[in-house]
Amino acid sequence: MFKHAGTKEIITSRLILRKFSISDTSNVFKNWSSDPENLKFMSWKAHSNLVETESYLCRIVPKYIKDSYYHWAIVLKSNAEEAIGSISVELFFSFNNCMEIGYTLSKKHWNQGIMTESLKAVQDFLFENTDCHRIQARHAVENKASGRVMVKTGMKFEGILREFDRTSKGEWMDAALYSMLKKDV
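FYI, UniProt numbering numbers position 41 of the sequence shown as 41, with every residue one higher than the one before it.
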């Protein structure tokens, strides 16, 4: 049986990773869920109104009662009320204790090391608090910045998954796969 820890608050030098709440609706909408450019490599379409974002958060928040649910709002310590990004984890393969991480960040916060800091904190949390043996993440091959984030946290490039994901328009896209093992830390 896989040992889970759930979404616990994580504090880094500049950030707080915390649970989402319904009160995050306007910031999530403003900072990334309504921005097509921010989501161009995602499989879901930009939200067209606050109701869509609130509905999304209403599906997330009740899941926090499960220790197997991992989904953090990324906030700056200097403004802990404003969610600027999201990072989530799923148990990808239970038979080999593999977890997969996905993330997004408001474009006004790109190129500041925020996602690298967030990803590293979540990797450390998973290896220290769960039975996770392997963490993997993937990105659209065109999204080279995401690959740089993964490498900076110690993840290794494993290869290309051909036509593995779909864009929000339903078009197939190749994904670059990265991973790290607990022994790599």
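Don't be surprised by glycine CBs; every beta carbon is placed ideally from N, CA and C.
Would residue i pass as a contact of residue j if the rule is Cβ separation under 7 Å?
i, j, result
"E117", "T7", "no"
"N27", "A83", "yes"
"S179", "Q136", "yes"
"M155", "D165", "no"
"I87", "V61", "no"
"K120", "T153", "yes"
"M115", "V151", "no"
"K45", "S168", "yes"
"H4", "S94", "no"
Suppose you measure from the CA of residue i to the CA of residue j; what does that come to, to the nearest Å?
i, j, result
"L181", "I74", "24 Å"
"T53", "F127", "31 Å"
"E9", "R162", "36 Å"
"E90", "S78", "29 Å"
"C98", "N129", "14 Å"
"G85", "H47", "15 Å"
"L57", "Y64", "11 Å"
"S43", "V185", "30 Å"
"R14", "L76", "6 Å"
"E171", "D24", "30 Å"
"residue 191", "W32", "Residue 191 falls outside the range modelled here, since the chain spans only 1 to 185, and no answer is possible."
I think residue i touches residue j, with their Cβ atoms under 8 Å apart; what is that distance to the nearest whole Å?
i, j, result
"N38", "K107", "5 Å"
"F2", "D131", "5 Å"
"L177", "R138", "5 Å"
"F29", "A140", "23 Å between Cβ atoms; not a contact."
Any idea which residues DSSP pairs residue i with across the strands?
i, result
"S179", "Q136 and K156"
"D165", "M173"
4-residue-minimum alpha helix (DSSP H) runs that sit fully inside the UniProt domain "N-acetyltransferase" (14 to 156), ordered along the chain: 25 to 28, 50 to 60, 114 to 129 and 144 to 152
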